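Reading through the structure tokens given below for one structure.
See below:
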């Protein structure tokens, strides 16, 4: 069994960096304890070793396919749904009343990280099922909840989110799928949905599709979209399953994540597809955003997990492969000496450290977001609001940084193997293909960047950004008290000033209502923010590592903590300066991308 | 037929930027004229439209495979070898005496660009054949030349270069393949070679392998390597083809370039493999570098060509796909209005411009290198020497920039298509996979970076670098005389100073013989150099475009030249600032990648 993630790193983050024990003070989490988390971490890892990782290559080599109106996936998906359900691992974060155990999301996401690193083709099936169930428990009627949620959490029925349509893509205001009200209170659903992850497979008995559609006569745009539960089969009172006119029209063949089906669904081609409204009419998109925000965090987490697995795969190769020699003081190599392991070459080390810095920094950010989610769920008053604002601000970054920089991490992992990295015999090329979707899923990087700069930064007069700055400054202050970390605290202070400078230069455009100019380089602002926020993760890890090194009761060997400080220095040397370059580009007010259609081609 | 390259762009570069007519003053090229180049450009494009481009997707979907000791490739490869040979397109750059027409390489590489953009799985077969033939004409005996070269240039026999061995990878000093001298003057060759591009296929009747091997008793390391011609079949005087004990052991299945075979060859497993020494014993690696340097340029050119083709594919999509709307002055979108084509979104424009800036900048650099090659072949004295030095210095950059930044370009191309970009139905995912090998072929980016900083920069006391600086400063001076370009000239001057500053900070390590420190961040120096040198390409293109705009006799519409100036500005806004960040990292003398084996993991 190759290593694909590190439980030590997870424990360090959960217990030392994010101190999950703090959450037990909230009534919601009072029944939990760290010992139990620890046992679960090991159980999930053992299970992933047995049920997920061994099928990872196979799911790529024998991808999901469409035949006779059905999508077939790897048979192991059935076992996984079944066992995850039986083990009680689906929806642990839900309320006791809804079949969950109120597990903090930060812990749940630590579990997800293990599963995603083991086999990123699989957790989406489970995650969408839980997300759909959660959406029903939040907005659905008691009847809908009782009808669907127990079977979903048991792993018997799968859930999906159906947003994208062929003509609309990312533009949800153009959703056309229609919902015609019927006398019995249900709706007749009609329309095409594409790119539906897990939208068909033969592993579960039923599908509970959560569909965005427009009730006849609803307003144009996003304000006329409603949310529906549309099962593939309707269960009658005597348990018969009646087909609900949800047809599978095809499965998209993809560059990667080939074990994870991506389906084209046709609702109501025979005018017999029934849907049930969830929550309020015309508030569908807003409600869907509960699931969407969760899914964005999941995508970021999957990207971080793929990057982690790729890192360990390339590390293993670098530790085993002899090639080349060190230069002697004449700048030459002694050909009669033994070759060295490639891990000894500085450039290979650079590629390994870069991967690790990106992967672990990303994981840390995702767990920070998860903790804000937990606090925003359990706390009250200002504490709740602040956590919610921080989560809102950080979500697009936590989705995008791991997706974009994760590609670079895996690219470096592949490069460590040289020619072998490009060969199908080695796994790196699979990670390289798998991770590429993450910057597209659930809103592309372009969409996330507009969300960050266009909505989240100005939100509540910049309150969320101010809260984040406060958090970062708090870590800077701690770092300033530690001799060895002072220079890095100083760098962070400068980079924070860079962000302010960029915003000061952009804000006038927003105030003059020149939104196109304000947002033209949102992508660069996103990249800058991501580098900054991951720098903050590393500075905090270094502060905590420094404290642990001074504490004889530390959990891990001193080398574990020394490594964190080293990686922080690496990140500050190689990644943080990029903020300066991005600032430079952002301060340049020559709006070269706002030009006529046919110019410059 | 989709567009995959631009003949206008090629003509602009050949005739206006690099003024190929200048070459006719050399005796070597005196028989050529521009009109003939023009006709050939059109012929090669027509042929590529018919014989290369239509098979591009198919070669990926039905990759080369190994069966019964043979490698099978797409049957079209046979037609291509045959027609390229019959058309006289193989080895046009060779001397008249050797079957060529002394075509300038700059023109030959313009042809290659078209073919590589049309179908990058194919030109390698032809390029290696010509490169091998050229190696034989340069160093081989008259007998070897007569025996092999005519059949190679006719497209009947294929050539390959056999360097890599399983235990050695990039470390050529560890080549083990042996060559035992025989009484008849030949050698018995024995050993394994892997990753042999085009090393087997069923399209040609024979293979002429150029093999690095060690004559019994030769010194260790690279100083004991000799070069051999090892045919797969030996032609007897009566024309019989006798098997020469060159066995195909397998074909590597790869992430991309799946139509291009990558073969494991076993020489002399039955002790009956004959080889003929090429040139001098123990000078094999030095001689092979003639072909290697050409191959490095070819790889860079292929990368630039893939990036070009990917750009046009994404541009076409962006011009056809409606999605989303412009923001109005309230920062909102009017859902009742028509959707706009995605090319209207600034972020999509940014992704398109970035691709174009990388692809065209790379192509320009590769043609500049080609021109230096032509001058270094045809000129005499200092002119010849200077051109050679510039070529030596620029080769690792011209191989690496298009390979590394080309990945980013294609990544952006895929992103333009959103979810469709990730689907096998669209071609972008294929370009994404294909281009990934370029930073590995013929020396990885790590190796190229050591070559640049470790060998080329210090070469002749920095003479080559000084020559390059002079070239750049010449363009800066021209730009300074043009009002609209002055600011960009000023930026270039500053960035040149950055390079000097970095070298001043690194040089002391080389002088103290601390080579590991000197070279630890060679990769970053490579990236910095690449960005600078492509900036110089763009500044020159802008200068020339500005002149053309003032000239009523200009070749193209004014919009063509305006676009060049716009793209230069884009490059200077978005790419040039990265030099500053890299400088920052390079000036940091905390050598974090020089650490003990097991640290930081």
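Residue numbers (my numbering), protein chains in the order written: chain A, 16 to 616; chain B, 16 to 616.
Beta carbons: idealized from backbone N, C-alpha and C, even for Gly.
Fair warning: this is a prediction, and the values are worked out from it, not measured in the lab.
Listed along chain A, the residues sitting closer than 7 Å to residue 596/B by beta-carbon distance are 592, 593, 595 and 596.
Remark: C-beta atoms of residue 210/B and residue 126/B do not approach each other more closely than 8 Å. Straight-line spacing of the CA atoms in residue 19/B and residue 447/B works out to 15 Å.
Excluding five sequence positions before and after residue 593/A, the CB atoms of its chain that fall closer than 7 Å to its own CB belong to 546, given in chain order. The beta carbon of residue 159/B sits closer than 8 Å to those of 151, 244, 291 and 293, all from its chain and outside the five residues before and after it, given in chain order.
In the DSSP annotation of this structure, the continuous segment of the alpha helix (DSSP H) that includes residue 384/A starts and ends at 361-393. Classified as buried, residue 87/B has 16 or more neighbouring CB atoms from the shown chains inside 10 Å of its CB. Taking 8 Å as the upper bound on Cβ-Cβ separation, chain A lies near no residue of the segment 74-86 of chain B.
At least 8 Å separates the CB of residue 39/A from every CB of chain B. Taking 8 Å as the CB threshold, residue 361/A lines the interface with chain B.
If only complete runs of 3 or more residues are kept, the segment 174-201 of chain A shows the beta strand (DSSP E) at 193-196, in order along the chain.
In the structure shown, residue 229/B falls within a strand segment according to DSSP collapsed to helix, strand and coil. Not flagged as an interface residue toward chain B: residue 304/A, since no C-beta distance is shorter than 8 Å.
According to DSSP, residue pairing for residue 258/A in a beta bridge involves 248/A. Excluding its 5 nearest sequence neighbours in each direction, residue 222/B has C-beta neighbours in its own chain below 6 Å: 173 and 247, listed in chain order. Excluding five sequence positions before and after residue 317/A, the CB atoms of its chain that fall closer than 6 Å to its own CB belong to 131 and 135, given in chain order.
DSSP places residue 290/B inside the beta strand (DSSP E), whose first and last residues are 289-293. Under the three-state reduction of DSSP, residue 213/A is assigned to coil, being neither helix nor strand. Leaving aside the five residues that flank residue 62/A on each side, the residues in its chain whose CB is nearer than 8 Å to its CB run, in chain order, 98 and 102. Not a single C-beta of chain A is nearer than 8 Å to the C-beta of residue 378/B. Ranked by Cα distance from residue 254/A, the options 220/A, 274/A and 239/A are led by 220/A. In this structure, the straight-line span from the alpha carbon of residue 166/A to that of residue 256/A is close to 14 Å. For residue 569/A, the nearest beta carbon of chain B is not closer than 8 Å to its own beta carbon. In chain order, 70 place their CB closer than 6 Å to the CB of residue 91/B, counting only its own chain and leaving out the 5 sequence neighbours on each side. The Cβ neighbour count for residue 186/B, taken over all protein chains shown within 10 Å, is at least 16; the residue is labelled buried. Sequence-distant partners of residue 520/B (beyond 5 residues in either direction) whose C-beta falls short of 6 Å from its own C-beta, in its chain, are 602. Membership of residue 25/A in the alpha helix (DSSP H) is indicated by the continuous run 22-26.
Apart from sequence neighbours up to five positions away, the residues of its chain that approach residue 52/B with a beta-carbon distance below 6 Å are 122, ordered along the chain. With 16 or more neighbouring CB atoms inside 10 Å of its own CB, residue 426/B falls in the buried class.
Approximately 6 Å separates the beta-carbon atoms of residue 416/B and residue 377/B; this is inside 8 Å, confirming the contact. Here the segment 532-546 of chain B makes contact with the segment 452-466 of chain B; the two share three or more CB pairs at distances below 8 Å. Residues of the segment 513-533 of chain A whose Cβ lies closer than 7 Å to any Cβ of chain B, in chain order: 528, 530 and 531. Contact with chain A is found for residue 184/B, since one of that chain's Cβ atoms lies less than 8 Å from the residue's Cβ. A Cβ-Cβ contact shorter than 8 Å links residue 452/A with residue 271/A.
One finds 348 and 350 in chain B with Cβ atoms closer than 7 Å to the Cβ of residue 188/A, taken in chain order. In this structure, DSSP gives residue 443/B a helical state, which the three-state scheme calls helix.
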